[in-house]
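Numbered per the numbering used here, the sequence shown spans residues 12 to 191. We put the CB at the ideal spot given by N, CA and C, even for glycine. Computed from a prediction, not measured in an experiment: that's the story for all the values here. I have placed the structure first, in the form of structure tokens, so that the comments after it can refer back to it.
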Amino acid sequence: ITLMGGGAYLKSIDAYLTERTSIPAARLCLPSKDEDAELVSGGDPVLFGPAIALALPQAAILARVMRSALLDILGEDFMRTARAKGASFRRIVLAHVLRNAAVPTVTVVGLQSGMLLGGAVVTETVFNWPGVGALFISSVRFVDVPVMSAYLMMIALIFVIINLIVDLLYYAVDPRLRVD
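If you want it as structure tokens, here you go:
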């Protein structure tokens, strides 16, 4: 972002906010050094709200998809065959059910990563956390096109990389896709 003029942009926001409030912009939204140490050590519950706001809706969707996939696979013919062979339920679940249920689950996790990237912008704004999302929102307000472009390119690149990883995970999880 600095290569595209983001560094000068951040300095101009700091100067603007310092003029208007007589408080440096970094003090308006960044925790102090003592608070930094507490955040890293996990002692501050301030992380609880943003984490729940980002994770809870995603976890509910993932749980529904995983449950549906597990129930579908437990009713398949190969599951009855495994039971008829005398395999224990634990072995059936670990060897067959989870591996086959992982395909739709991996798909949903890949799609949810895009929602997490977008949700982080809203979460940073709502909880007043400094970050790339807050930088994007302020660049939209001030019509800073280079920063907006850099942010959108970064998010697009991250999403493409995540989808590539999801596609590669299909081959690791689904034995039907492997070519011997």
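Taking a 10 Å sphere around the C-beta of VAL132, we find 16 or more other C-beta atoms and assign the residue as buried. In this structure, the beta-carbon distance from LEU85 to VAL117 does not fall below 8 angstroms. By the neighbour-count criterion, in which a residue is buried when 16 or more other Cβ atoms sit within 10 angstroms of its Cβ, GLU87 is exposed. According to the DSSP assignment, GLY130 belongs to the alpha helix (DSSP H) that extends over 109-137. Note on PHE100: under 16 other CB atoms within 10 angstroms of its CB, so exposed under the neighbour-count rule. When the Cα atoms are used, LEU168 and GLY130 turn out to be separated by approximately 17 angstroms. Taking every protein chain shown into account, the CB of VAL158 has 16 or more other CB atoms within 10 angstroms, so this residue is buried.
Our two residues, TYR182 and VAL154, have alpha carbons roughly 43 angstroms apart in a direct line.
Assignment of PHE170 by DSSP, reduced to helix, strand and coil, places it in the helix class.
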